[in-house]
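In mature numbering (1 follows the signal peptide of the UniProt record, and there is no 0), the protein residues as written are -19 to -1, 1 to 270. Working notes, beginning with the structure itself.
Now the structure itself:
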């Protein structure tokens, strides 16, 4: 952990470019709605915090009222504690339809005393299988942390507390599919014990139910876009009138790059690009990311 702090503190102090929205002043109902398991959703602190719960009967989830074509998105999340094996807390962008786009944060629970795995994935035009996994350098069940997605015409960047943990560049010019459809923001809590922990060997321990995850930070910086069957319908959302599309966000700056490489070196536990059993020839995008 000390090595991580050595590399990241200069970035956090000097190189951070993202604020914290409106400091939690935006209530849940302004931008979001319950989409699943309404009786397992609790509003706290006058709508400034939402609790999702899961038991044997149901999980739960919420989603944004609008769809977006680009933006900088975030939620502050505290995941279930204690024995959370098999439990998946997910925060993601997703479009509708069979050939959908999707950008995922998935927190994979674990036995008590063992660290969470954070899995990310990218779907474009219905094709996913781009999993990466890291072991977080902190306990995500102990306190809230900010999980962020920058999506513009040049790159997708996943952040944990301003620290970039994954980059997926837009290389559609060489045949790599890139998310371009209108997407909704969603957060869900559900049972994934068929695969989530130790490849599905560690099953959900229901004696610890209900499992609870907490969410804050309901402000959204995004370009509204209506869902459409027309491919590449988001040209308006590529405009540089939106700050997240400006040139400084086309690639990581030097401090971010150092932090990103440090995470990949010290905390990444799986990368589909290195899985020669699944991909004897690495997918084309791997040489760019």
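Even for Gly, the Cβ is constructed at its ideal location relative to N, Cα and C.
For the alpha helix (DSSP H) containing residue 240, list its first residue and its last residue.
Here the question's residue 240 lines up with position 259 in the chain shown. Run containing residue 240: 235 to 248, per the alpha helix (DSSP H) assignment.
Opposing strand residues paired with residue 87 [DSSP bridges]: Position 106 of the chain shown, counted from the first residue, corresponds to residue 87. DSSP, once it has assigned bridges, lists 71, 100 as partnering residue 87.
Applying the criterion that 16 or more other CB atoms from any shown protein chain within 10 Å of the CB defines a buried residue, is residue 237 buried or exposed? Taking the first residue of the chain shown as position 1, residue 237 is located at position 256. The residue in question, residue 237, is buried, as its Cβ has 16 or more Cβ neighbours within 10 Å.
| said: In this structure, how does DSSP classify residue 265 when only helix, strand and coil are distinguished? | reply: Counting from 1 along the chain shown, the entry for residue 265 is found at position 284. Helix.
Exercise. Between residue 326 and residue 16, is the Cβ-Cβ spacing less than 8 Å?
Worked result: With the chain covering only -19 through 270, there is no way to say anything about residue 326.
Exercise. Run through DSSP, which three-state label would residue 189 get?
Worked result: Taking the first residue of the chain shown as position 1, residue 189 is located at position 208. Helix, per DSSP.
*State the beta-bridge partners of residue 45 as determined by DSSP.*
Against the chain shown, residue 45 aligns to sequence position 64. Looking at the DSSP assignment, residue 45 forms a beta bridge with 13.
Check your understanding: What distance in whole Å lies between the Cβ atoms of residue 70 and residue 164, which are believed to be in contact at a cut-off of 8 Å?
Key -> Numbered from its first residue, the chain shown carries residue 164 at position 183. Numbered from its first residue, the chain shown carries residue 70 at position 89. About 19 Å separates the two Cβ atoms, so there is no contact after all.
Given 8 Å as the limit, is there contact between the region 83 to 103 and the region 177 to 195, that is, 3 or more CB pairs closer than that?
yes
Review point. Among 206, 19, 266, which residue has its Cα nearest to the Cα of residue 153?
Key: Stepping through the chain shown from its first residue, residue 153 is reached at position 172. Looking at the Cα atoms, 266 is the closest of the given residues.
Return the first residue and the last residue of the beta strand (DSSP E) that residue 279 is part of.
-> Within the shown structure, residues of the chain are numbered from -19 to 270, placing residue 279 beyond reach of any answer.
Using the Cα positions of residue 44 and residue 169, report the straight-line distance between them to the nearest angstrom.
Working through the chain shown from its first residue, we reach residue 44 at position 63. Working through the chain shown from its first residue, we reach residue 169 at position 188. Annotation: residue 44 to residue 169 spans about 9 Å, alpha carbon to alpha carbon.
Worksheet item: Where residue 99 and residue 72 are concerned, what is the direct C-alpha to C-alpha distance, given to the nearest angstrom?
Response: Start at 1 with the first residue of the chain shown, and residue 99 comes out as number 118. Start at 1 with the first residue of the chain shown, and residue 72 comes out as number 91. Approximately 11 Å, taken between the alpha carbons.
Who does residue 202 pair with in a DSSP beta bridge?
If you number the chain shown from 1, residue 202 lands on position 221. Paired residue(s): 53.
- Task: Have a look at residue 67 and residue 180 and give me their C-alpha separation to the nearest angstrom.
- Result: As a working mapping, residue 67 is identified with position 86 in the chain shown. As a working mapping, residue 180 is identified with position 199 in the chain shown. Taking the straight line from one Cα to the other gives about 10 Å.
- residue 229 by DSSP, collapsed to three states: which one? On the chain shown, residue 229 is found 248 positions in, with the first residue counted as 1. Helix.
Once you ignore the five residues that flank residue 270 on each side, which residues in its own chain have a CB closer than 7 Å to its CB? The residue labelled residue 270 in the question sits at position 289 within the chain shown. Here the set comprises 148, 149, 150.
Does the Cβ of residue 136 have 16 or more other Cβ atoms within 10 Å, making it buried, or fewer, making it exposed?
As a position in the chain shown, residue 136 is number 155, starting the count at 1. Buried, since its Cβ has 16 or more Cβ neighbours within 10 Å.
Checklist line | Within-8 Å CB hit, residue 260 to chain D | finding: Of the protein chains in this structure there is only one, and it is not chain D.
How is the beta strand (DSSP E) around residue 149 delimited, first residue to last?
-> Along the chain shown, one-based indexing puts residue 149 at 168. Taken as a continuous stretch (DSSP letters only), the beta strand (DSSP E) holding residue 149 covers 144 to 150.
key: Contacting residues, own chain, Cβ-Cβ under 8 Å from residue 156 (five flanking each side not counted)   = As a working mapping, residue 156 is identified with position 175 in the chain shown. The residues are 265.
message = Rounding to the nearest angstrom, what Cα-Cα distance links residue 11 and residue 37 in this structure?
response = By one-based count along the chain shown, residue 11 stands at place 30. By one-based count along the chain shown, residue 37 stands at place 56. Separation of residue 11 and residue 37 (C-alpha to C-alpha, rounded to the nearest whole angstrom) is 30 Å.
* To do: Would you mind giving the Cβ-Cβ distance between residue 54 and residue 201, rounded to the nearest angstrom? I have them listed as a contact below 8 Å.
  => Walking along the chain shown from the start, residue 54 turns up at place 73. Walking along the chain shown from the start, residue 201 turns up at place 220. Their Cβ separation, rounded to whole angstroms, is 6 Å, which keeps residue 54 and residue 201 in contact under 8 Å.
- request: Starting from residue 168, follow the beta strand (DSSP E) in both directions and report where the run begins and ends.
  value: On the chain shown, position 187 is the one that residue 168 refers to. For residue 168, the uninterrupted beta strand (DSSP E) segment begins and ends at 164 to 172.
Counting C-beta neighbours from all protein chains within 10 Å, is the total for residue 261 16 or more, i.e. buried, or is it exposed? Position 280 of the chain shown holds residue 261. Answer is exposed; the Cβ neighbour count stays below 16.
So, using beta-carbon positions, are residue 228 and residue 57 closer together than 8 Å?
Sequence index remark: in the chain shown, residue 228 carries index 247 (1-based). Sequence index remark: in the chain shown, residue 57 carries index 76 (1-based). No, they are not a contact pair.
Taking 8 Å as the threshold (C-beta atoms), are residue 33 and residue 19 in contact?
The count along the chain shown starts at 1 and reaches residue 19 at position 38. The count along the chain shown starts at 1 and reaches residue 33 at position 52. Contact flag unset, no.
Buried versus exposed call for residue 161 [16 or more other C-beta atoms within 10 Å across all chains shown]: Taking the chain shown and counting its residues from 1, the one referred to as residue 161 is at position 180. Flag for residue 161 reads buried.
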